[in-house]
Amino acid sequence: MLGLIYNQGFRSIAVCLMHSYTYPEHEEIVGRIAQEIGFTNVSLSSKLSPMIKYVNRANSCVADAYLTPEIKKYLQSFQSGLKYGLKKLNDDESKGVSCQFMQSDGGLVDSSRFSGLRAILSGPAGGVVGYSRTCFNTENPIPLVGFDMGGTSTDVSRFGDNKFDHVFETTTAGITIQSPQLDINTIAAGGGSILSFKNGLMQVGPESASSHPGPACYRKGGPLTVTDANLLLGRLIPEYFPRIFGKNEDETLDTEITKLKFTELTNDINRAHENLDDKSIHEIAYGFLEVACESMARPIRQLTEAKGHIISSHRLVSFGGAGGQCAVQVASILGIKEVLVHRYSSVLSAYGMALADVVEETQQPFSTEFTDANQAILSERLNVLRQESVSKLEKQGFIKENIELEEYLNMRYQGTESGIMVPKEEEGFLETFKEMHLREFGFLFESKPVLVDDVRVRASGKVRQRQDEPVDRQLLELHNNGGLCEPDPNRLKFIKEIFWKVDGKLKALPTEIYRLEDTKVGTFIHGPAIIADGTQTNVVPPGAVVTVLKTHLFIQILDEKSKPREDNPDGAMEAANSSIQIEPVLLSIFANRFMDIAEQMGTSLQKTSVSVNVKERLDFSCALFDSDGNLVANAPHLPVHLGSMSACISTQAKLWNGKLKPGDILVTNHPSAGGTHLPDITVITPAFEGDEIIFYVASRAHHADIGGLLPGSMPPTSTELWQEGAAIFSEFLVRDGKFQEETIIEKLLHEPSKHPGCSGTRRLSDNLSDLKAQIAANQKGIQLIALLVKEFGLATIDAYMKAIQDNAAETVTKMIDSLLEKNREKSLKCTDYMDDGSQISLSVYRDQESGKVIFDFEGTSAQSYNNFNAPSAITYSAIIYCLRCLVDDEIPLNQGCLRPIEVKIPKSSLLSPDDGSAVVGGNVCTSQRITDTILKTFDVMADSQGCCNNFTFGSGGNGPNGKYVQGFGYYETIAGGHGASANWDGVSGVHTNMTNTRITDAEIFERRYPILLREFSIRKDSGGKGVRKGGDGVVRDVEFRVPVTASILSERRVVAPHGIHGGEDGARGVNLWVRNYKNKKGEIEERIYNLSGRASVDVSAGDRIVIMTPGGGGWGRIDSIEKSSSNSNKRTWSKIASGSLHNRKRQQLEN
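The opening residue of the sequence shown carries number 28 in this note's numbering; numbering runs sequentially from there.
In structure tokens, the structure reads:
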């Protein structure tokens, strides 16, 4: 095989084998063979990233194999220009030049050891090293937030405790990388971010004008950008820019084209808001800056608060070419009072590389329990790694006195996968682990053992560094020596009219302009002012003061009124009859803020949960609702939860109207109360103003087991609701601030076991822990809402909650009108069939009297005597998801999307079953078929796989003797083929439409459960053929090592996913049970049984379940339409958003 690959011209190869992180020998054998054949680069995953998680390790290995040859090519070119080339390690006689490269982890490495994997974030890493070395004061250890704003994006990071924050799993350009990296998060907002007005919202980015054509003012025909907004407001000084613009590259910035384009954009915005007084071009420009700063502040909040840090206790460090233009405004939004700007801020990333240490990291897997008995073994292993790391640095010329060692253990609680890289501190590894776990996750497990997965040593060879005097010491010396002084009028360059917001109004104020290099150290300047040089412009707004130091600008934000949008600082409730006009700037800001609340709730839930289902598979949703239960903001979690959560909250709000008080939290999962299926448990927390409920926050999580007939609580053959586990219509989860543990145990454990053949939950401890995690997530939402109310006032928040929904309604109305106009000659109807023969019928038309668009499901089959009945809330979820997909631009996802439509569903039908009907399959199978039906009605695309392929297995519960045994339950949904359309080929092996949960990594799957994953691969040629091909399904082959009960609940095993416009159907799914059978001779034979779409079996050790998921339907008849290459729609990824925060979002969006 390797020879065949080599003969095709490949010279770089990536090798990643299962479990090689702990057993690398097989990879090493493959690597040696590849080198013997002649491959010039061989990347082994066990060498690059010896950590569990097969997919991420494989991604990292492939990335290294792709990048390393390019780096070597660059080095060869670089070396060719040197007389003696580059110095080689261990060659004392070499006359070559010593050359080191910055790595993503913030350390330098010799050029001979530099690899592509470690180079991905090397540039931004230099910036983190730069500000950590020049701005952190060990004598006054205030933590720092790095704010690196460039042209296309902004990088944010944190430095505290005099240690770098490393992460080992990040997403860059859509690829999840597993390698030590500084925790740097990139957002698509920079000086070149394009300003636009779409669907009633002012948007900044994510598109960038880049360097060509660049901003409009660059004289290359570019669009309006953040840079143009700053220029129009006077915050950029054209006189200090080089004359390199224009056709002959001899002109300065073009202010006139910026004014002209802003005038056009302002006219568009004013026409869209005729009820408001016209805005000036300066007000619009400032509004875009507010939106940009809000979007940049959002990830900083998440980066700090998600790890338990208080954002206001930090200093903000500004660097990058555009950092000084927005730093103080971003700091004000975050409540940060001090901003540091180094004199070399515009080149701090390059400067930081000169300050970095040479680093050698050594890491090995080490699976053991952390106990006193194992201390000697751990110390021995760490000692081996210490010697290895020191030896590598000594070979580079470092003596032991200049080598600093950091020791780490990757630790976690047994039964969880949330490992923490714990540094060795005075209190010991265990106490440090507990402290870090409590800070980040908010809880400890007193009875669970602590495990060690990896040992790691980071050795730093200290280089001679330029020592800057700490900022605080410089300030103290100036104060004590009388060195602080007012600005010297002779050093003032000029005064310019610049626009600032003061007391909520935009005003042009005389602003002093200084050159940094000409300003005396100790000068104390009150804002407004601008301090600039040839490479940076630092903005000091009113209410802030700046002190010029030898090494920095030290900016203090003194005046609370300087905070943007601090229109109602006391949070007082405006008069009920006062009229609040909806401003486009605030509407865009609130869209960000509301979504930020939901996202931070989701981050909290994932971190504090225990179960694989929530923490690893991300099967949960968090959302914010108004006082009537209408959805305001839903983080991009599960589509199937979108509309249904609102139905749930509004039902509970009516049920408990006037009966709840502060300290009360509700729990429900019943389909008749807006639920989907019983495993999805919803926790609802009201937010109060006095005794009045002003908002609700809610979190919904899929619990892997809640009792019922079978482990996993997804019985494929259930016909009654009670067979599917605990049913909670509405109960107090917390009452008067007290967790109602006895009530919950009764509901989850005892009540389900009273039914024939049923058991209570098989994993009560996980249920209770995840419910507490949901409470914590809700509490996070409540706290964030309280801050919002304090900042803006309740009436303003309430008005903008309604306005956000109005905005979504208007956008969806336009989209539907366009669709109806496009299809006015067609009858918008579709009927599709389930595997059991039930039909889903839909017709879409406009009601001439009400003007609403009717989604009429008349003709849908009666409710089924199986579990594929879908509560009406699921249909609403499917509709809101499809409507959102059909809108091209980003819009807030909320209840307003449903306002332009009316839904008609026959009572006692498949989509509106009677109380007590089994529904577990309706949420995960029927919902997919509803989505396919809607999309085909509008002729959007062929069918996707139309199923979640729900696979469960487990043990425990009530045995034959009636005795309860705690066991386990595992649940997963399996990817399949995506449907094709006129504009794309279907994607293979993905979750589609109503689900986007992440499947458990293969190595974690095998470590945590008694199984072997025989195969997980693309099911070749299962997608429907056509001008556009449907995506292929997958093959998942699981072998059991102990007896368990296994169940499959699936669709599309009889009726294939349909193609459209002559495209062929995708392949139907297949479920197989491969049994080991002992024949008469005593020999073991395999017998294969077809399990059909719904089955439950008791498997023995050695048995296998093989699931082959459906492919997507194709589009277009091949023999009648020639495929146009111009329409090729390749899957693309953002080149901007990256980091650990983006990784969490991508896990939700792209699985």
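A virtual CB, placed ideally from N, CA and C, is assigned to each residue, including glycine.
- Item | Residues near LEU316 by beta carbon distance below 6 Å, same chain, minus five either side | Walking along the sequence shown from the start, residue 316 turns up at place 289. Result list for LEU316: ALA256, in chain order.
- Message: For PRO392, list the residues DSSP reports as bridge partners.
- Response: Position 365 of the sequence shown holds residue 392. Bridge partners of PRO392: ASP481.
- Within the same chain, show all residues whose beta-carbon is closer than 8 Å to that of LEU62, passing over the 5 residues directly before and after it, in chain order. As a first step, residue 62 must be located in the sequence shown, where it is residue number 35. For the sequence presented, residue 62 should be read as Gln rather than Leu. Closer than 8 Å at Cβ, skipping near neighbours: VAL69.
- Task: Identify which residue in PRO537, LEU503, VAL529, GLY531 has its Cα closest to the Cα of LEU519.
- Result: To locate residue 519, count along the sequence shown from 1; it is residue 492. Closest option to LEU519, Cα to Cα, is PRO537.
- Of the residues ASN896, SER954, ASP970, the one placed nearest GLY943, counting alpha carbons only: Taking the sequence shown and counting its residues from 1, the one referred to as residue 943 is at position 916. Taking only the C-alpha atoms, the option nearest GLY943 is ASN896.
- Message: Tell me the rounded alpha-carbon separation between GLY1003 and ARG956.
- Response: Reading the sequence shown from its first residue, position 976 is the one you call residue 1003. Reading the sequence shown from its first residue, position 929 is the one you call residue 956. Looking at the two C-alpha atoms, the distance is approximately 14 Å.
- Message: If you reduce the DSSP assignment to three classes, tell me which class ASN1156 lands in.
- Response: Taking the sequence shown and counting its residues from 1, one reaches residue 1156 at position 1129. Any reading at ASN1156 must be qualified, since the residue scores a pLDDT of 44, below 50, and its modelled position is unreliable; the value itself is stated next. Coil at ASN1156, not helix or strand.
- Query: Sorted by chain position, which residues of the same chain lie with C-beta nearer than 8 Å to THR459's C-beta, five sequence neighbours on each side aside?
  - Reply: For the purposes of this step, residue 459 is identified with residue 432 of the sequence shown, where counting begins at 1. Cβ neighbours of THR459 beyond the five flanking positions: VAL449, PRO450, LYS451, GLU452.
- Query: Anyone know if the C-beta pair for ASP1130 and TRP1100 falls short of 8 Å?
  - Reply: Position 1103 of the sequence shown holds residue 1130. Position 1073 of the sequence shown holds residue 1100. Yes.
- Spatial neighbours of PRO555 within its chain, please: CB distance less than 7 Å, with the 5 preceding and 5 following residues excluded, ordered by chain position. Here residue 555 is taken as the residue at index 528 of the sequence shown, counted from 1. Contacts found: ILE525, TRP527, LEU536, THR538, VAL567, PRO568, PRO569.
- Message: In the DSSP output, which residue or residues are listed as bridge partners for LYS190?
- Response: Numbered from 1 along the sequence shown, position 163 holds the residue referred to as residue 190. In the DSSP output, where bridge partners are listed per residue, LYS190 has GLY187.
- Query: If we count the other Cβ atoms within 10 Å of its Cβ and call it buried at 16 or more, is PRO516 buried or exposed?
  - Reply: Locating residue 516 in the sequence shown gives position 489, counting from the first residue. In the assembly as shown, PRO516 is an exposed residue. Its beta-carbon has fewer than 16 other beta-carbons within 10 Å.
- Item | ILE1001 and VAL1061 closer than 8 Å at C-beta | Start at 1 with the first residue of the sequence shown, and residue 1001 comes out as number 974. Start at 1 with the first residue of the sequence shown, and residue 1061 comes out as number 1034. A contact, by the Cβ cut-off of 8 Å.
- Three-way DSSP call (helix, strand, coil) for LYS688 in this model: Working through the sequence shown from its first residue, we reach residue 688 at position 661. Collapsing the DSSP output to three states places LYS688 in coil.
- Task: Classify GLU291 as helix, strand or coil using the three-state DSSP reduction.
- Result: The residue labelled residue 291 in the question sits at position 264 within the sequence shown. Helix.
- Beta-carbon gap between VAL172 and ILE337 smaller than 8 Å: For the purposes of this step, residue 172 is identified with residue 145 of the sequence shown, where counting begins at 1. For the purposes of this step, residue 337 is identified with residue 310 of the sequence shown, where counting begins at 1. Going by C-beta atoms, VAL172 is not nearer than 8 Å to ILE337.
- Inter-residue Cα distance where the pair is THR181 and VAL82: The sequence position of residue 181 within the sequence shown is 154, counting from 1. The sequence position of residue 82 within the sequence shown is 55, counting from 1. Distance between the alpha carbons of THR181 and VAL82: 28 Å.
- What does DSSP give as the partner residues of ARG762 in its beta bridges? The count along the sequence shown starts at 1 and reaches residue 762 at position 735. In the DSSP assignment, ARG762 forms a beta bridge with LYS765.
- May I ask you to report which of helix, strand or coil DSSP gives TYR435? Here residue 435 refers to the residue found at position 408 when the sequence shown is read from its first residue. TYR435: strand per DSSP, three-state reduction.
- Message: Helix, strand or coil for VAL724? Go by DSSP, reduced to three states.
- Response: Translated into the one-based positions of the sequence shown, residue 724 becomes position 697. Note: VAL724 maps to strand in three-state DSSP.
- Specify the secondary structure class of ILE1111 as computed by DSSP and reduced to three states. Locating residue 1111 in the sequence shown gives position 1084, where the first residue counts as 1. Correct three-state label for ILE1111: strand.
- Along the chain, where does the alpha helix (DSSP H) that runs through LYS799 open and close? Counting from one through the sequence shown, the residue named residue 799 turns up at place 772. Looking at the DSSP string, the run of the alpha helix (DSSP H) that includes LYS799 is 791–819.
- Query: If you draw a straight line from the C-alpha of VAL880 to the C-alpha of ASP874, how long is it?
  - Reply: Looking up residue 880 in the sequence shown gives position 853. Looking up residue 874 in the sequence shown gives position 847. One C-alpha to the other measures close to 6 Å.
- Message: Assuming VAL761 and ILE733 are in contact, meaning their beta carbons sit under 8 Å apart, how far apart are those beta carbons, in whole angstroms?
- Response: Within the sequence shown, residue 761 is the residue found at index 734, counting from 1. Within the sequence shown, residue 733 is the residue found at index 706, counting from 1. Not quite, the Cβ-Cβ distance comes to about 19 Å (not below 8 Å), so this is no contact.
- Message: Taking 7 Å as the limit between beta carbons, can you name the residues of its chain near ALA1189, skipping five residues before and five after?
- Response: This structure cannot settle anything about residue 1189, because the visible part of the chain is limited to 28 through 1178.
- So, helix, strand or coil for HIS53, using DSSP? For this step, residue 53 is matched to residue 26 along the sequence shown. Helix.
- Using CA coordinates, which residue listed in ALA905, LEU613, GLN402 is at the minimum distance from LEU478? To locate residue 478, count along the sequence shown from 1; it is residue 451. Out of ALA905, LEU613, GLN402, GLN402 has the C-alpha closest to the C-alpha of LEU478.
- Item | 3-residue-minimum beta strand (DSSP E) runs that sit fully inside the stretch 124–209, ordered along the chain | 127–129, 135–137, 171–176, 181–187, 197–199, 202–204
- Message: So, does the stretch 766–785 touch the stretch 746–756, judging by three or more C-beta pairs under 8 Å?
- Response: yes
- Item | Nearest-angstrom Cα separation, counted from GLY123 out to LYS115 | On the sequence shown, residue 115 is found 88 positions in, with the first residue counted as 1. On the sequence shown, residue 123 is found 96 positions in, with the first residue counted as 1. Going from the Cα of LYS115 to the Cα of GLY123 covers about 7 Å.
- Message: Within 10 Å of its beta-carbon, does ARG59 have 16 or more other beta-carbons around it, so buried, or fewer, so exposed?
- Response: The residue labelled residue 59 in the question sits at position 32 within the sequence shown. Classification of ARG59: exposed, given that the 10 Å Cβ count is below 16.
- Query: Would you say GLY219 and THR254 are within 8 Å of each other, going by their C-beta atoms?
  - Reply: What you label residue 219 is simply residue 192 of the sequence shown in a count that begins at 1. What you label residue 254 is simply residue 227 of the sequence shown in a count that begins at 1. The answer is yes: Cβ separation under 8 Å.
- Item | Rounded distance between the beta-carbons of GLY784 and LEU736, thought under 8 Å | In the sequence shown, residue 736 corresponds to position 709, counting from 1. In the sequence shown, residue 784 corresponds to position 757, counting from 1. About 6 Å; that satisfies the 8 Å criterion.
- Task: To the nearest angstrom, report how far apart GLU1112 and SER1015 are at their CA atoms.
- Result: Locating residue 1112 in the sequence shown gives position 1085, where the first residue counts as 1. Locating residue 1015 in the sequence shown gives position 988, where the first residue counts as 1. Computed Cα separation, rounded: 34 Å.
- Between which two residues does the alpha helix (DSSP H) carrying SER631 extend? By one-based count along the sequence shown, residue 631 stands at place 604. Segment 611–635, the alpha helix (DSSP H) holding SER631.
- Item | Residues bridged to PHE521 [DSSP beta-bridge criterion] | Counting from one through the sequence shown, the residue named residue 521 turns up at place 494. Paired residue(s): ILE540.
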